[in-house]
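In my numbering, the protein residues as written are 2 to 462.
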Ligand code: URP
Ligand code: ZN
Ligand code: ZN
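What follows is the structure, encoded as structure tokens:
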């Protein structure tokens with residue numbers, strides 16, 4: 002089937018132009034002035050942008066955390082993503098302590114297959130670095146699971162010590178993959194958190210207080226230094242604090258192969274949201290929301306290119322039964338926020354409409370850079386012949402109010418309840434198929450395909 006999207010403004014990271022887009026089957030066949038092209042279906046995009054479907058490289062569908070599971074399944078989470086203009090995700094498969102990487106990866110394939118409605122890839126969370134898991138890393142890279150996330154946070158759960166992190170980095174330096182780091186000093190945080198609880202400071206607000214920005218800055222600098230020693234590229238996930246940004250900027254200034262993402266919650270929300278008694282539990286994530294003065298520096302990092310990607314770290318827990326696990330002790334609140342549906346619009350509203358970034362930079366941080374860094378370049382993240390026809394017809398003028406009453410994420414609250422945003426996805430296509438149109442769901446459960454990715458190694462400047 003051939004579909005022609007006519008009269009829109011095609012926005013790529015490299016520039017925008019008035020152009021039509023011809024889709025043949027699952028791929029883009031041509032981009033240009035194509036009025037006379039033969040097509041079975043025509044979609045009018047007058048006054049709209051035609052952008053590459055956004056790629057969210059940081060989601061946690063069904064993540065086990067704190068005695069419960071993130072609520073979105075691959076079906077509900079990817080459908081919500083699609084409503085918000087995201088057409089690919091890279092989720093985190095988890096190696097449980099004492100188990101192999103393979104067992105973890107197989108479990109995530111089983112969760113996603115026949116459920117995901119958009120295309121998906123996996124990163125691998127390593128919880129147990131040992132001779133066997135190190136050997137397994139090479140096999141995973143060869144089958145398209147090309148990155149490994151390690152944690153200097155969450156002692157007793159996902160935490161790895163410096164030796165384990167370094168050993169995984171050495172292995173990745175050899176196999177061409179990428180190391181992703183959750184960089185906070187977990188042991189130091191645990192000391193301060195225990196002291197806070199002992200002093201009766203048990204509200205969610207103190208989750209934000211005890212995880213000092215300097216603990217994130219210290220860990221970020223340390224893991225980048227370890228990566229430089231191992232000769233491996235490193236990508237800092239969910240960077241939240243100026244202290245960490247300073248470490249990334251300094252590394253990049255000296256030519257290190259260091260990259261970083263931030264998330265909308267760190268640009269639009271702040272420590273104040275963690276106040277208001279137990280309501281603050283809705284905003285508990287790690288690293289935590291920071292004081293508002295960090296936000297301007299993150300925006301500057303995004304403008305100047307020290308931050309390359311906006312992801313969501315989508316990890317939703319219901320307020321009513323799941324976040325409540327932490328009543329009386331903030332350390333027991335499951336960590337994570339919903340957001341996979343809101344990223345494209347928040348970044349359009351706060352970034353493009355707000356005058357902070359161009360529409361091309363918006364596409365760059367949401368689609369093009371994620372594709373380039375994570376081995377999908379050419380196939381995703383661009384409106385160009387030969388690429389998958391993952392496209393969004395985006396109305397830059399439409400305004401809507403974000404609310405849990407209308408969102409599609411399977412979670413009982415929104416961090417942005419009542420916020421009016423300008424911009425919205427009118428039509429969403431995944432590999433040439435219209436899956437969302439005018440707020441209606443047209444896709445089928447399980448239509449999403451696994452995305453094996455190319456290792457990008459050190460060639461991703
Ligand atoms: O609070 C968060 N970020 N939850 C998800 C797990 C992680 O650390 O990414
Ligand atoms: Zn993390
Ligand atoms: Zn995460």
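Where a beta carbon is used, it is the ideal one built from N, C-alpha and C, also for glycine.
- Exposure of residue 47 is indicated by the presence of fewer than 16 other C-beta atoms within 10 angstroms of its C-beta.
- Counting only the Cα atoms, residue 191 lies some 12 Å from residue 199.
- Shortest gap from the CB of residue 277 to any heavy atom of ligand 1: 7 Å or more.
- Non-local C-beta neighbours of residue 325 in its own chain, meaning closer than 6 Å and more than five positions away in sequence, are absent.
- Runs of alpha helix (DSSP H) with 4 or more residues, each lying fully within the stretch 198-260, are found at 206-211, 214-231, 243-254, listed in chain order.
- In this structure, residue 341 has its CB at a distance of at least 7 Å from all heavy atoms of ligand 2.
- If you draw a straight line from the Cα of residue 82 to the Cα of residue 245, it comes to about 28 Å.
- Distances taken from the Cβ of residue 238 to the heavy atoms of ligand 2 include one shorter than 7 Å.
- Residue 233 is positioned such that its CB atom lies closer than 8 Å to that of residue 170.
- Relative to ligand 1, residue 374 has its C-beta separated by 7 Å or more from all heavy atoms.
- With a cut-off of 8 Å on Cβ pairs, the stretch 193-209 is not in contact with the stretch 227-243, counting fewer than three such pairs.
- Residues 246, 308 of the same chain have their beta carbon placed closer than 6 Å to that of residue 302, with the five preceding and five following residues left out of the count.
- Unbroken alpha helix (DSSP H) runs of no fewer than 4 residues, entirely contained in the stretch 87-159, are found at 102-113, 132-143, following chain order.
- Closer than 7 Å to some heavy atom of ligand 2: that describes the Cβ of residue 183.
- Excluding its 5 nearest sequence neighbours in each direction, residue 160 has C-beta neighbours in its own chain below 6 Å: 152, 187, listed in chain order.
- For residue 265, the closest of 259, 349, 281, 306 by C-alpha to C-alpha distance is 349.
- Secondary structure note for residue 423: its beta strand (DSSP E) is the uninterrupted segment 421-431.
- In this chain, residue 445 is not harboured by any beta strand (DSSP E), its DSSP state being neither H nor E.
- DSSP places residue 61 outside both helix and strand once states are collapsed to three, so it counts as coil.
- Taking the Cα of residue 392 as reference, the smallest distance to any Cα among 53, 30, 22 is reached at 53.
- In this structure, the straight-line span from the alpha carbon of residue 66 to that of residue 22 is close to 43 Å.
- Per the Cβ contact rule, the stretch 277-297 is not in contact with the stretch 341-356 (fewer than 3 Cβ pairs under 8 Å).
- In the DSSP annotation of this structure, the continuous segment of the beta strand (DSSP E) that includes residue 7 starts and ends at 3-13.
- Between the stretch 404-418 and the stretch 103-119 there are fewer than three inter-stretch CB-CB distances shorter than 8 Å, so the stretches are not counted as touching.
- About 4 Å separates the CB atoms of residue 179 and residue 148; that is less than 8 Å, so the two are in contact.
- Residue range 370-374 is occupied by the alpha helix (DSSP H) that includes residue 372.
- Closest in C-alpha terms to residue 45, from the list 10, 458, 172, comes 10.
- Residue environment for residue 144: exposed (fewer than 16 other C-beta atoms within 10 angstroms of its C-beta).
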